Amino acid sequence: MVDRPTDEKREEADAEDEELLEQFGGTPTFPRGTSNTHRRRLLKAMGGAGTVALAGCLGTEEEEEEPTPTPTEEPDDETPTPTEEPDDEEEEEEYWAANPMDAYSELDHMKKDVRPDPLVKPVDIQFAFNDDEIIMRFEWDQPNEGGWLHDMIVYNGEEWVRYANWNPWDLDEDEAPPGGMDHHQGLYEDRLTFMWHDGTLQGFENFGGWMTVMEGVRRLPGEAHGDEVDAHPHHGTEGRDDGDMRKFIPQSRNGEWWEHDWRDPKSQDELDEMMENGEFIDFPFFRGHRSVPMGYGTNHHLLDYRNGNVTGDRTFGSQDWDPEDGPELMFDPDVVEDGALDYYECVVDNEPGPGIPDQQDFEKYALMTEGENENAVDFDPDVAEWEGAMVPRRPQGLPSESGASWECDAVWEDGKWMMEVRRDLDTGYVDDMPVEEGGVYTIAPAIHHGNSQRWHWVAYPYKLGLGVEPDYYGESDNLGNSELVAEKVEDEPDWDDIETYTIPLMYPGMTDWTWLTSGEHPRVDEVRNADITIWEYHDEDPEAFAQRMVELEDAHAPRK
């Protein structure tokens with residue numbers, strides 16, 4: 001080990017001895033169809049008694065990362081089966097499961113301390129297209145720097161440890177349970193995503209992303225536990241080996257279009273046919289650490305699961321590491337001094353520190369095995385094993401085929417992110433929705449800052465016309481124009497001449513599709529028939545909507 005002086009480490013916050021569970025009185029009310037397993041979890045979490053005020057996104061009662069898959073038949077040559085996504089967070093799940101703070105994510109708390117602050121995130125969006133590509137520009141305020149650091153391996157003076165959890169500066173310490181800071185000692189990237197579709201998938205234009213989260217999905221009450229998923233014939237160890245349940249569309253399940261039992265997916269032949277027919281939600285990601293340094297996004301789609309690119313390679317993988325022996329790779333010392341970043345310079349008193357490299361200096365913080373900024377070399381403990389040494393666990397390379405569909409030019413500067421993303425109008429890949437001049441599409445963006453899963457900001461579903469005005473909900477006094485237009489350009493857009501739409505992204509809480517389609521929802525028939533939109537029922541001020549989601553989350557936490 002190389003001795004190296006470091007700044008004084010931050011002192012850990014003293015754990016406060018306080019109660020985690022609120023005391024309830026009365027009898028809980030369950031949505032119709034709630035499983036006995038989840039009823040038992042509720043009663044256990046509540047100590048046998050509680051009161052739950054149930055309400056949904058569309059109103060209260062008075063008035064929100066390789067085992068081989070085993071498809072039943074070989075896929076048709078012209079319609080490849082969506083490949084099982086190399087799980088970009090599989091090790092994260094293992095990390096959380098092994099952590100003594102596992103109960104931190106259970107029904108008694110649901111991580112209120114990482115609700116986004118503020119609850120509403122306005123984003124400016126511009127759209128353009130030419131004869132070959134569609135181009136989008138997103139810009140939003142994000143004062144905390146460091147959203148380009150992610151999933152690091154750090155030498156603490158005795159061994160190498162993984163810092164894969166969420167950023168400490170995302171913690172609301174006033175809301176944190178005793179020991180809560182233990183779950184905020186990692187580094188996690190910022191990211192932009194959006195769901196979009198051509199309008200033929202029932203319900204998506206009405207409810208957007210709310211129709212893709214339901215009972216069974218991870219980090220929600222009623223999530224499918226690992227043993228349940230492992231035993232499942234499609235999602236389990238004898239099938240896809242997913243390890244958890246992530247977003248999916250209800251149409252991928254048997255029954256009526258809105259029914260969504262995670263245990264009851266359609267057959268592989270039926271899923272293949274849906275893929276061929278475009279019955280999925282296109283879902284690209286633009287990741288501050290894992291894709292932006294390579295100039296790309298990562299390609300995903302929602303069908304029976306949140307799948308990755310069907311063909312080719314994505315931008316990032318994982319390197320092996322060992323607590324004693326360290327990682328396989330480190331930075332070239334000619335590029336990054338001493339072959340590693342200094343954790344104690346990057347995080348100071350639980351805030352972003354002066355050692356965080358400039359976001360545009362990709363080779364200073366992203367470990368790249370190929371490309372013009374290649375900077376990865378074999379690990380040498382005589383160079384890079386010193387207290388605070390920090391190396392990314394996610395080496396990056398050049399994507400290919402549908403893994404390279406989306407290009408991304410992203411800049412963080414002066415407290416703002418700007419991401420310009422582009423894709424061919426028709427890539428020819430089965431997992432990319434083709435678009436064309438004159439077409440109208442449903443789009444719903446979302447933003448994560450320094451954390452993952454459901455703790456993010458999301459938008460209502462908007463309509464986007466390529467060179468045409470969509471016919472949708474129209475203008476809302478509180479939410480802006482629901483009808484967006486991409487302008488035709490000859491070559492590259494001059495963004496000064498392109499209309500800017502400012503739309504609010506809001507914290508969605510735990511309101512999910514299970515509740516919205518439950519028998520207790522006051523307008524359940526309209527929801528199930530897709531006869532109502534979130535725009536019609538919730539045109540209130542975004543701050544009021546987000547606060548309502550918080551209140552409902554507090555009421556929903558023990559509901560299943």
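Position 409, counted from 1, in the sequence shown is what UniProt numbering calls 409; the numbers after and before it change by one each time, with no gaps. Cβ coordinates follow ideal geometry from the N, Cα and C atoms, glycine included. These numbers were taken from a predicted model, which means no experiment stands behind them.
CA-to-CA distance, T212 to E520, given in whole angstroms: Their Cα atoms are separated by approximately 20 Å.
With burial defined as no fewer than 16 other Cβ atoms inside 10 Å of the residue's Cβ, what is the status of E360: buried or exposed? It is Gln, not Glu, that sits at residue 360 in the sequence shown. A residue is called buried once 16 or more other Cβ atoms fall within 10 Å of its Cβ, and Q360, having fewer, is exposed.
To the nearest angstrom, report how far apart I443 and I503 are at their CA atoms. So the alpha carbons of these two residues sit roughly 12 Å apart.
Report buried or exposed for N165, applying the criterion of at least 16 other Cβ atoms within 10 angstroms of its Cβ. Counting Cβ neighbours within 10 Å, N165 comes out buried, since at least 16 surround it.
Give me the Cβ distance between I134 and P493, rounded to the nearest whole Å; I'm assuming they're in contact under 8 Å. Contact doesn't hold; Cβ gap of about 11 Å is too wide.
Contact set for M294: own chain, Cβ-Cβ below 6 Å, skip 5 residues either direction: These residues qualify, in order along the chain: T315 and Q396.
Can you list, in chain order, the residues of its chain with a C-beta nearer than 8 Å to that of I534? Leave out the 5 residues immediately preceding and following it. These residues qualify, in order along the chain: C57, L58, N206, F207, G208, W210, Y460 and P461.
Could you compute how far the alpha carbon of D531 sits from the alpha carbon of W257? Taking the CA atoms as reference points, D531 sits about 14 Å from W257.
Just confirm the distance between the C-beta atoms of L464 and L484, as a whole number of angstroms; I'd bet it's less than 8 Å. With a Cβ gap of about 5 Å, L464 and L484 count as contacting.
I'd like the ranges of any beta strand (DSSP E) spanning at least 3 consecutive residues and lying wholly in the segment 490-532. Qualifying beta strand (DSSP E) stretches, in chain order: 501-506.
Just verifying my parser: in three-state terms, what is the DSSP assignment at V310? Of the three classes helix, strand and coil, the one that applies to V310 here is coil, per DSSP.
When you compare the CB of P265 with every CB in chain B, is at least one pair closer than 8 Å? Although the question refers to chain B, the structure presented lacks it and comprises just one protein chain.
Cutting at 7 Å between CB atoms, please list the residues of its own chain near A366, excluding the five before and the five after it. For A366, where only same-chain residues beyond five positions count, the Cβ hits under 7 Å are H289, P293, P392 and Q396.
Where K266 and V377 are concerned, what is the direct C-alpha to C-alpha distance, given to the nearest angstrom? Roughly 46 Å separates the two Cα atoms.
Candidates V154, N375, V411 and M330, of which the one nearest D142 by Cα: As written in the sequence, residue 142 is Gln, which differs from the Asp given in the question. Answer by Cα proximity: V411.
Residue closest to Q547, alpha-carbon to alpha-carbon, out of P522, L516 and G509: Nearest of P522, L516 and G509 to Q547, Cα basis: G509.
Between the Cα of D380 and those of P434, N451, W321 and F248, spot the shortest distance and give me the residue it belongs to. Ranked by how close their Cα comes to the Cα of D380, the residues P434, N451, W321 and F248 have W321 in first place.
In chain order, what are the residue ranges of uninterrupted alpha helix (DSSP H) at least 4 long that sit wholly in the segment 291-377? Whole alpha helix (DSSP H) segments, 4+ residues: 343-346.
In the DSSP output, which residue or residues are listed as bridge partners for H197? Note: H197 sits in a beta bridge opposite T442.
Nearest CA to the CA of A486: which residue from H301, V435, D190 and W455? Comparing C-alpha distances from A486 to each of H301, V435, D190 and W455 shows the shortest one belongs to V435.
On a CA-only basis, which of L479, G474, P323 and E437 is nearest E159? Give me that one, please. Of the candidates L479, G474, P323 and E437, the one whose C-alpha sits nearest the C-alpha of E159 is P323.
What are the boundary residues of the alpha helix (DSSP H) that includes A384? Element bounds for A384: P381 to A384.
May I ask you to report which of helix, strand or coil DSSP gives I249? In the three-state DSSP reduction, I249 falls in the coil class, being neither helix nor strand.
In whole angstroms, what separates the C-alpha of W126 from that of D432? Strictly speaking, residue 126 in this sequence is Gln, with Trp absent from that position. Whole-angstrom Cα-Cα distance: 21 Å.
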